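**Q**
Protein chains in written order, with this note's numbering: chain A, 1 to 420; chain B, 1001 to 1407.
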C-alpha cells in the first residue's frame, strides 16, 4: 500500500502535466492557425493624405472558398478586418452589419421594390397581409416627437371597449416606455396572443395626468373595406389594401351596397398601396366579365390572368378614383377596368409600380422581397414608371386648403349622375 | 523508454504482463488526456478570440448568401456582376456605422483621388493675389519656370495670352495660368517703378510642386505678416519656419495666419506649426479606441509666440487646420475671424485594399486643449465676417483692421 502512493502521485502529476501541456499546445496552435488567417486582413500602414498613396497588395491567404463568389467576397472581409482593428466608434452587432451588407448588395440592382425586411418588421407585415392579427384593434402612427399616436379605433375592438380614443398617445406598454421606439418595435410590444392582457400608459391631450388602460387582446380582422350610400343613389366603396381577405370583405360589402340598387358605383382606390397579386385578380374579376386582367412577364415566360363572367358587379356604371398613392395591386385593378372600357378613372396619375415581388422567408425570419416579374395592362401597356393616366384628371387641393371638400369624389358623383 | 523502466522498477512486486498492460493503459490515458486538453485549449482560444476578431466562420453570413442566391435566381432585371454587388455589400455594411467619413472607394475613384492628392499640375509656379489697389500681383516660387523666365516678386499681371485680367478674379487668373505641361503661356506684365511700361514674357508650363505655404508682408500695412497654409503636408513645418523667419526679419510685428479653405492633412505637421505660435501647453489630444489618449504638447521656443495673431477661418477650414485654429483660440493665443469652420474633429486612416479600392476609416477623434471634442457645428469665430462680394477680401481687411486697432 505504501509503495503504491508515490506511484499514484507520479501518475496524477504526469496526467496533470500532460493536460496542461496539451491545453497550452492547443491554445498556441489556434493562435498560430488564426494568426495566419488574420494576416490576410492585416491593415496596411496608413497612407496619409495628401501624400499620394501607392497600392500595396495585401498578402492574401483567404480561407478556402466553399463557393465561387466567396473569392470575390474576400474584399469584404479585408475591409471589415480593417474596420474592426481601426474604427474609433462602437461597432454594431454582426447581425446589423450583415443586414447592412444585404441592403447594400440589393441597392446595386437599381430596383427600389426589391427590398430586405428585418425579422420583427417582417412578422408584423406578414400578420397584416394575412388580413387578421392578434392585438387591441387600433390604427397607430409614430409622431415626429417619438410618441405613438392612436389615429383610429376599430369598431367593436378591445381598444374601443377599453375607451381608447383617436388622438391618445401611448407612452408606455406594460410599464416599459416606448417613447423613441420605432413604429414596428412599438407594435410588436402591443400585439400578443388573443386573450392576454396588455397595459398601456396613455397621455390624452387636454388631460393633465397620464393614466393606465388595460386591454384584453383579441384576434381581429383588419378592416380593408369601407362603404357608404351617397345622395342620388350612388354606392361608394373604399378599399384600403389588398390583404388576404380583401376579396372576401369586398364581396360582402358589394352585396350589401348592391342590395340598395344604386345607380352607379364609385370604387375608391386612392392611397391604396396594393397587396397580394391574387387578391388584385379576384377583386378585378368582381367587376369584369370574360377577358384579360393583366399580362405578367418574368424569366419563366408570359402568364395571362383572366376574369370570368358571373360576378356581382359586372354591369353597374363604375368610376374608379385614383391618385399618386394608388399603387401596384390597385393599379392592376384600375388598369384593367380602364383598358377594358368597364369604367373610367377620375383623379390623378397613379404611382406606376408595375412589378411583382415575391416574398422569400430567410432562415433567421427576415424577408426578402424580390421583383420577379413585370405586368402589363390587357392592351399590353407597361405601367412601370408610367402610371395610369385618369380619363378625367382632377387635382386634389393642398392639405389645409381643401376645407374638407373632395373635388375628385364630387366629380365622380357628377359623372355617374350625368354620364359625362 | 526511460518512463517504462521507471514504472516497472517501482512496480517490482507486480506481474510483468500486468506491468506491461498497465504501462500500455497509462500511455493510452496520457494520449487521450493530451488530445482532450489539446482540443480544449484550441477551442478555448477560439472562444476567447471570437469576441475580438471576427473570421469568416464566426460571422452569421448565412442570410446574406441566401439573399444573394435568391437574387441571382429570381430577380427580374439585370443583375450586376458579383464584384459590383460585393462593393455594394461593403458600402451597405459601412452605412450602419452612421459615420460619413468612414467610406469605401472603388478602384477607379481611388485612383482619381490619389491624382488629386498628388498635388502637381501644369503651371508656371507663382503666387497670385490682388493688392489694395486691385492690381494682380505675382510672386514666383523659387526655381519655378516663372522665376527662370524673369518674373520677379511684385510684378503686376496685366494680361494672360492677350486677355486682360484687370476685372478677373484671382481664381480665374489661376485657371488661365494652369494648363497642360509643355504648353506656352504669354504674360503681359508691368514692374514698379515703371508700371506704365508693360512687357511680355513667354513661359512654358511645367509640373509644379505646390508649396503648402505662401507669405508676404501686406502692402496695406508692412508691419503685418501674412501667412497662408493651404494644407498640412510633411513639408509644411519647414516652409512655415522659413516663412516666419522671413516675415519677422522683414519687420512684421503682427501676424495673420490664413487657414481658410485648408481641408486639413497630416496632424503632426499641423501640431509642429502650432508649436511656432504657442509657448508650451497642450495643442490637442488624440483619442483612439481602447488606447490611452495621447497629448500633443507644444515645444517651447517657437518663433512667433509673442506677436498679436489673427487666424482666418471659413466653412472649408476642416480637420487638422480646424484643430490648430481651435487650439489657438482656446489657449487665448489668437483671434479667429471669418466664418464657422467645417466641424470635423476626427481622424481617418486610408487603407488600400488588395484590389486597388480604398477604405477611409475614422480611427480616432481629437479633443481641444480644454478636453472638449470639436463641436459638430465647427468653431465659432470671435469676429464673424462673410467673404463679401466683388474682388476684395473683406475677411482679410477685417483682420488687418483688428490688428491695427485691437478691436
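Backbone N, C-alpha and C fix where the C-beta goes; we use that ideal spot for every residue, glycine too.
Source: prediction; values computed, not measured.
So residue 1200 (chain B) contacts chain A; which residues on that side make the cut at Cβ distance below 8 Å?
**A** Here the premise fails: no neighbours, minimum Cβ distance about 35 Å.
**Q** Got a sec: is the Cβ-Cβ distance from residue 1236 (chain B) to anything in chain A below 7 Å?
**A** no
**Q** Just to confirm my understanding: we take residue 1287 (chain B), look at its own chain, exclude 5 residues before and 5 after, and list those with CB closer than 7 Å. What are they?
**A** Closer than 7 Å at the Cβ level, and outside the excluded window around residue 1287 (chain B), lie 1293, 1364, 1365, 1367.
**Q** Report the neighbours of residue 164 (chain A) on chain B: residues whose CB is nearer than 8 Å to its CB, in chain order.
**A** In chain order: nothing, as chain B lies at least about 36 Å away.
**Q** Using the Cβ count rule (16 or more neighbours within 10 Å means buried), how would you classify residue 105 (chain A)?
**A** Counting Cβ neighbours within 10 Å, residue 105 (chain A) comes out buried, since at least 16 surround it.
**Q** Tell me the residue span of the beta strand (DSSP E) that contains residue 344 (chain A).
**A** Residue 344 (chain A) -> beta strand (DSSP E) spans 344 to 347.
**Q** Reducing DSSP to helix, strand and coil, say where residue 219 (chain A) ends up.
**A** strand
**Q** With a floor of 4 residues, list each alpha helix (DSSP H) that falls wholly inside the segment 1061 to 1107 of chain B, ordered by position along the chain.
**A** 1062 to 1074, 1082 to 1095
**Q** Do we get a CB-CB distance below 7 Å when we pair residue 1016 (chain B) with the residues of chain A?
**A** Legend: pLDDT at residue 1016 (chain B) = 47, less than 50; position of this residue unreliable, no value from coordinates given.
**Q** Roughly how many angstroms lie between the CA atoms of residue 1346 (chain B) and residue 22 (chain A), to the nearest whole one?
**A** In a straight line, the C-alpha of residue 1346 (chain B) is about 46 Å away from that of residue 22 (chain A).
**Q** Would you mind stating whether residue 97 (chain A) and residue 1093 (chain B) have Cβ atoms separated by less than 7 Å?
**A** yes
**Q** Does DSSP put residue 298 (chain A) in a helix, in a strand, or in coil?
**A** The answer is strand: DSSP assigns residue 298 (chain A) an E or B state.
**Q** For residue 1331 (chain B), which option in B:1278, B:1320, B:1312 has the closest C-alpha, if you only look at C-alpha atoms?
**A** B:1278
**Q** Which residue wins for smallest C-alpha separation from residue 306 (chain A), given the options A:274, A:377, A:356?
**A** A:377
**Q** Compare the Cα-Cα distances from residue 1128 (chain B) to each of B:1302, B:1263, B:1156 and report the closest residue.
**A** B:1156
**Q** Taking only three categories from DSSP, how would you classify residue 1032 (chain B)?
**A** helix
**Q** Taking only three categories from DSSP, how would you classify residue 1254 (chain B)?
**A** strand
**Q** Can you tell me whether residue 328 (chain A) is buried or exposed? The criterion is at least 16 other CB atoms within 10 Å of its CB, across all chains shown.
**A** buried
**Q** I want to verify the contact list: residues of chain A whose CB lies under 8 Å from the CB of residue 1409 (chain B), in sequence order.
**A** The question about residue 1409 (chain B) has no answer here: the residues shown for chain B are numbered 1001 through 1407.
**Q** For residue 331 (chain A) versus residue 388 (chain A), is the C-beta distance shorter than 7 Å?
**A** yes
**Q** At a Cβ cut of 7 Å, what residues of the segment 1361 to 1380 of chain B count as close to chain A, listed as they run along the chain?
**A** 1361, 1362, 1363, 1364, 1365
**Q** Return the Cβ separation of residue 1227 (chain B) and residue 1255 (chain B) in integer angstroms, given the expectation that the two are a contact with Cβ distance under 8 Å.
**A** 6 Å
**Q** Taking only runs of the alpha helix (DSSP H) that begin and end inside the segment 205 to 269 of chain A, which ones reach a length of at least 4 residues, in chain order?
**A** 246 to 258
**Q** Tell me whether residue 307 (chain A) sits in a helix, a strand or coil according to DSSP, three-state version.
**A** strand
**Q** Since residue 97 (chain A) is in the beta strand (DSSP E), which residue starts that stretch and which ends it?
**A** DSSP places residue 97 (chain A) outside any beta strand (DSSP E); the residue lies instead in the alpha helix (DSSP H), whose first and last residues are 94 to 107.
**Q** Below 6 Å CB to CB, which residues in the same chain sit around residue 187 (chain A) once its five sequence neighbours on both sides are set aside?
**A** 124
**Q** Please specify which runs of the beta strand (DSSP E), each continuous and at least 3 residues long, are wholly inside the segment 1184 to 1264 of chain B, giving them in chain order.
**A** 1184 to 1191, 1194 to 1204, 1206 to 1209, 1213 to 1217, 1224 to 1229, 1254 to 1258
**Q** Between residue 239 (chain A) and residue 181 (chain A), what straight-line distance do the alpha-carbon atoms span, to the nearest angstrom?
**A** 30 Å
**Q** Can you tell me whether residue 456 (chain A) is helix, strand or coil according to DSSP?
**A** No answer is possible for residue 456 (chain A): the residues shown for chain A start at 1 and end at 420.
**Q** Using beta-carbon positions only, say whether residue 1440 (chain B) and residue 1318 (chain B) come within less than 7 Å of one another.
**A** Absent from the structure is residue 1440 (chain B), since the part of chain B shown begins at 1001 and ends at 1407.
**Q** Per DSSP, which residues does residue 160 (chain A) bridge with? Please list them.
**A** Within the DSSP bridge table, the entry for residue 160 (chain A) names no partner.
**Q** Please compile the residues from chain A whose C-beta is within a distance smaller than 8 Å of the C-beta of residue 1068 (chain B).
**A** 69, 105
**Q** So, helix, strand or coil for residue 35 (chain A), using DSSP?
**A** Caution applies to residue 35 (chain A), whose pLDDT of 34 falls short of 50 and renders its modelled position unreliable; the model cannot decide the point.
**Q** I'd like to know whether the C-beta atoms of residue 1075 (chain B) and residue 102 (chain A) end up nearer to each other than 7 Å.
**A** Their beta carbons are not under 7 Å apart, which means residue 1075 (chain B) does not touch residue 102 (chain A) by this criterion.
**Q** Residue 116 (chain A) versus chain B: which residues are under 7 Å apart at the beta carbon?
**A** Those within 7 Å of residue 116 (chain A) in chain B are 1067.
**Q** How close, in whole Å, do the beta carbons of residue 267 (chain A) and residue 408 (chain A) come, if the pair is a contact with beta carbons under 8 Å?
**A** Between residue 408 (chain A) and residue 267 (chain A) the Cβ distance is about 13 Å, and since that is not below 8 Å, they are no contact.
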